[in-house]
Each structure stands twice: as structure tokens, then as C-alpha cells.
Amino acid sequence: MDRTSEISNLPISVAVDLGHLLVASISERLGIRIVFIKGPVANHHRLRRARQASDVDVMVEPDRADELIDALSEYGWSPRPASLASQKFVTHSVALIQPDWPCDIDVHLSYPGLLDPQAFEGLWERRDTLEVEGGRVPVADFVTSVLIAALHSLRTPFDVRGAAEYRTLLERWKAVETEALRGELRTLATASGASWTIQPFFAEIGIDAGVAAPPPPGYGEWLRNQRQRNRAAAWLSLLKASAWSERPVVLKRALFPARHDLYLDHPAGRAGARALLRVRALRLVAAARAFPTAVQAVREEWRVSPPHPAGGDPGARTLTAQADGTPLADVESNAAARSASPSDADGEVESRGSATRVLRGHHLQDVLVVRCPTLVCIDTDERLYILHTGAKPQALVPLVLENTARTIWSLLEERSSLAELVRKAADDFGVEPYLVAPELESFFARLDGLGLVRITRM
1416 MDRTSEISNL PISVAVDLGH LLVASISERL GIRIVFIKGP VANHHRLRRA
1466 RQASDVDVMV EPDRADELID ALSEYGWSPR PASLASQKFV THSVALIQPD
1516 WPCDIDVHLS YPGLLDPQAF EGLWERRDTL EVEGGRVPVA DFVTSVLIAA
1566 LHSLRTPFDV RGAAEYRTLL ERWKAVETEA LRGELRTLAT ASGASWTIQP
1616 FFAEIGIDAG VAAPPPPGYG EWLRNQRQRN RAAAWLSLLK ASAWSERPVV
1666 LKRALFPARH DLYLDHPAGR AGARALLRVR ALRLVAAARA FPTAVQAVRE
1716 EWRVSPPHPA GGDPGARTLT AQADGTPLAD VESNAAARSA SPSDADGEVE
1766 SRGSATRVLR GHHLQDVLVV RCPTLVCIDT DERLYILHTG AKPQALVPLV
1816 LENTARTIWS LLEERSSLAE LVRKAADDFG VEPYLVAPEL ESFFARLDGL
1866 GLVRITRM
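For the sequence shown, the residue numbers in the numbering used here are 1416 to 1873.
What follows is the structure in C-alpha cells.
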């Protein structure tokens, strides 16, 4: 299978689970505190009708978000290209993409509706663990997940799917609520700065939010976002917050965004000059229709709590061989996706050469195959996906083992002698050991070169 077909066949379910494991492994290695939210976590707590998550959402201690993003860049993850509008108005998270992966990793510095800059501490203290395919990861507990799910729906009350998930959330809560859970939810909302933003949900379930005047910074922006179906109100608020000398530039970018920005926000404009003109016209029409509501929303925003001059969340930061003769090594790997630096390439050659010297210079019983301790594996019905999560990875996508290669890998324990592996493989395939020994030597030498195992003398 060629590289393109291999990448296109990385299932979204596998990618999302591997993404969680990758982020968790990196964070643990660096000592960065994280809590996964939404997606599989909401499914686990049955807060919505189960559906496949399309990305990885992770809350990270804000002061170390840059460090986590930098670490993920070693695996080929980089911020998704964003328009000026996205850079100005989406400041609570950074969406990371990797060309060979079908999912995003959304690194959250904060979460809309959690208005206390120290909200992460409460989430961290209440964290739980979740078993995903391949390992365990730190996740938001039930109460935290209820709070986040409610805020997610309340933020865009006009969204059809969000409204349906809100009803499911209410049903789930009412089925399990106790006085203890009610108290925990109220305490968490207060500690995380969500007492004001969560009020409609609390009214539905009969909890007194206990809000204290005045509302916290950012609440006005929350109210504005609840009323806008496009970015007209956000641009109007930014215009109002800008110095007089800057307003002409802000107005121009709002009404006539650069072509690059239009392509990012409205991909249909890429079809040609006529399509681009149509997109520009439709934007202006939508802005005109939204203008009366936008004016009201901005007035309410400024009356409740004047926004941060940058137009964003005041607590957020912007981050810029078988018997039939079939070859044994039925292995798919994305060799082109390995680190392209000469030092890494030289390291692989040296490693593979070292493994070959060990194999050629000793009897099989003297050769030890040691599995790398920083691997995460997901085994499906047909394929085994292996991802190296250690520092300076040699491959940026999972290695895929199928058929015999998958079987051979299953024989490998944490530390196994090559002679024992050959004996087990020969027994499984019903052949003499000398028939499979050369293929196993070649197979494990290749894995040694990829950094997945280490071949050494006993």
C-alpha cells in the first residue's frame, strides 16, 4: 500500500484515541497538567447521544500551553491557518493540525463561560481517568463534564444540534442528580467563574446560582456571543474598543477582508473570481441583516462589562515468512513522514546498522529484543497501530502492522530473546525455525531502525 492510501485509511476513531494517548504521554513526560474534555469524555458520562468525536479537546494549565504546543510540533502538529477574524475572536484555544492525521488537537487555555482565570485548577482537582483504546488518560469528571456540556450548548442557543444535546444533558442530569451532586456542581461553577454564564441551566434544574454583583469581566462578551450568528457583533465591539486612529483599518478588514482570510473562512471563494465576488457580497448582506441585533448585543456587552481592548477573553492569551512463502514483514509505514533532519536520518541508519551487527555476530539465544517503553498501541480487528511518543520521534504517523507482522508483534513481550520469538513463530506457523528466523531478524532490525524496539546482546 502506498503512502497516500495508508494515510487516508487511518480511521478517525483510531486517530482520536491515539491523539489522546499522544498528548497524555507527552504531558506526563514533561510534567504538564492536562485534563481532556468533551468528545469521548462526554460519551463516557452519557451526556449526549454517543457519536464519534472528530478531534481531541484538552485543557492545559495556561502557563504551560506554549510548552505543550512546542512539544507537539516535534510530531508535525502546527496551528491551523487562521484568518484575522479567527485570531482576534477565538482566543480560548489553539487548533493544531497534522497533514497525515484526520483529526485536530484543540489545546484549550480556557473554556468559554469559565470566566475565572484560575478555572483550570478546579478541573484538575476533580479530574478522573478514562480507559481509551490503548491506555488511560486524565479526563474531566462527571460534574465538570456537565458544566462544560451545558456551557457549550448555552453559548450557541440557536444551534440545532446543540439544542438537542442540551435536552439530552438535562434528561441525564435529572436521572442521576442528588443533593451531593447539586452541591458539587454549584461549588464548581462558583469556583470557576461560571455562576453567571450557567444561570439558564441552573434555572432548569432548580439550583440557585448565587451570583454576586457586579458580573465578572468577560460576561458581557459571553452575552454578545450568545446573540450573534456571525461575527458582525464581534467586529463592532472590536471597532468600539479600538483607538480612533485604528478604526478605519479595523472597519476595512471587517468589511473587505484580505483574499487569504476569505479563502480560510469561506472555502467556496476559491472556485474563481466570480465565486470570490459572490462570497464578498453574501458577507456584506449577512452583516447588514445582523447589524441591528449586533448593535443591541454590543450595547448590552458594554453595559454589563466593557470588553478587553483586544476584543477577546481577558483571561486568554494569543498563541501565535509464512509456510506459503508470503513475506513476513507485512508492515505499512510512512517513511516520508519521518523527521527530515539529517541527524535523525543518520541516527536511524546507525541504529539499523548496529542491530545488524548484533544479529550477525551472535547466536539467536544471545540476542535480546526490547520493546520501547514510550509506545502506544491500538489493536483493531484487522490492524495494529503503533505510535512512538518519546522525544525526537522518527515517524510522525502510526506504524501499521497487518497479517503476519501483527501476529509476530503480539509474540513480543517487554523483553524477549530472539531465539524464543523464532520458536514461538515457528510453532504458530507450523514450520521449522530456520525458515522464519531470517524474516524475523529482518523484521525486528527494521523496527529497531524506527526506534520501536532495541536489539542488544543478552
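Where a beta carbon is used, it is the ideal one built from N, C-alpha and C, also for glycine.
What does the Cβ neighbour count give for residue i, buried or exposed, with the cut at 16 atoms within 10 Å?
i	result
Pro1527	buried
Pro1808	buried
Ser1469	exposed
Phe1557	buried
Lys1503	buried
Ser1488	exposed
Pro1853	exposed
Asn1424	exposed
Phe1858	buried
Pro1672	buried
Pro1707	exposed
Ala1604	buried
Ala1658	exposed
What separation, rounded to the nearest whole angstrom, lies between the Cα atoms of residue i and residue j?
i	j	result
Ser1660	Ala1465	51 angstroms
Leu1666	Leu1600	42 angstroms
Ala1497	Asp1478	22 angstroms
Ala1628	Glu1619	22 angstroms
Glu1580	Glu1586	10 angstroms
Ala1702	Asp1623	38 angstroms
Asn1645	Ile1520	24 angstroms
His1681	Ala1500	12 angstroms
Ala1683	Ala1690	7 angstroms
Ala1725	Ser1652	Summary for Ala1725: the model assigns pLDDT 42, below 50, so the residue's position carries little reliability, and this model does not support an answer.
Trp1588	Trp1717	34 angstroms
Trp1492	Gln1513	5 angstroms
Asp1739	Gly1845	The predicted model places Asp1739 with a pLDDT of 40, which falls under 50 and marks its position as unreliable, so this point remains unresolved.
Leu1569	Trp1824	48 angstroms
Pro1632	Leu1654	19 angstroms
Glu1548	His1459	13 angstroms
Asp1531	Ser1720	14 angstroms
Arg1576	Trp1637	20 angstroms
Ser1428	Val1710	43 angstroms
Val1851	Thr1819	11 angstroms
Ala1647	Arg1704	9 angstroms
Arg1385	Ser1525	The chain is shown only over 1416 to 1873; residue 1385 falls outside these bounds and no answer can be derived.
Whose C-beta lies closer than 6 angstroms to the C-beta of residue i among residues of the same chain, with five residues either side of it excluded?
i	result
Arg1821	Leu1799
Glu1476	Arg1448 and Phe1535
Ile1452	Asp1472, Met1474, Ala1555 and Ile1563
Kindly indicate which three-state DSSP category residue i falls into: helix, strand or coil?
i	result
Leu1529	coil
Gly1550	strand
Glu1594	helix
Leu1545	strand
Tyr1581	helix
Phe1573	coil
Pro1494	strand
Thr1612	coil
Ile1520	strand
Thr1789	coil
Thr1871	strand
Glu1817	strand
Asp1470	strand
Ile1447	coil
His1507	coil
Ile1512	strand
Ser1607	coil
His1460	coil
Arg1367	Here the chain has residues from 1416 to 1873 only, and residue 1367 is not among them.
Go through its chain and collect everything with a Cβ distance to residue i's Cβ below 8 angstroms, but skip five positions before and after it.
i	result
Leu1826	Leu1836, Lys1839, Ala1840 and Asp1843
Val1782	Val1773, Leu1774, Ser1832, Leu1833, Ala1834, Ile1870, Thr1871, Arg1872 and Met1873
Gly1776	At Gly1776 the pLDDT is 47, less than 50, meaning the model places this residue with poor confidence; the figure from the coordinates comes in the next sentence. If we look at Gly1776 and ignore the five residues flanking it on each side, it has no Cβ neighbours.
With the cut-off set at 8 angstroms, would you say residue i and residue j are in Cβ contact?
i	j	result
Leu1814	Leu1855	no
Ile1613	Leu1566	yes
Ala1712	Gln1643	yes
Val1431	Cys1518	yes
Leu1437	Val1791	yes
Val1509	His1435	no
Ser1607	Gly1625	no
Leu1462	Val1591	no
Leu1433	Glu1482	no
Glu1715	Gly1635	yes
Leu1811	Ile1801	no
Please indicate yes or no: does the CB of residue i lie closer than 7 angstroms to some heavy atom of the ligand NAD?
i	result
Phe1617	Of ligands this structure carries none, so the ligand NAD is not represented either.
Residues in the same chain with beta-carbon distance under 7 angstroms from residue i, minus the five sequence neighbours each way, listed in chain order, please.
i	result
Ala1457	Arg1463, Ser1560 and Ala1564
Thr1789	Ser1440, His1803, Thr1804 and Gly1805
Arg1597	Ile1622
Glu1829	Arg1786
Thr1602	none
Kindly indicate if chain D contains any beta-carbon less than 8 angstroms away from that of residue i.
i	result
Leu1585	Of the chains in the structure shown, none is chain D; there is only one protein chain.
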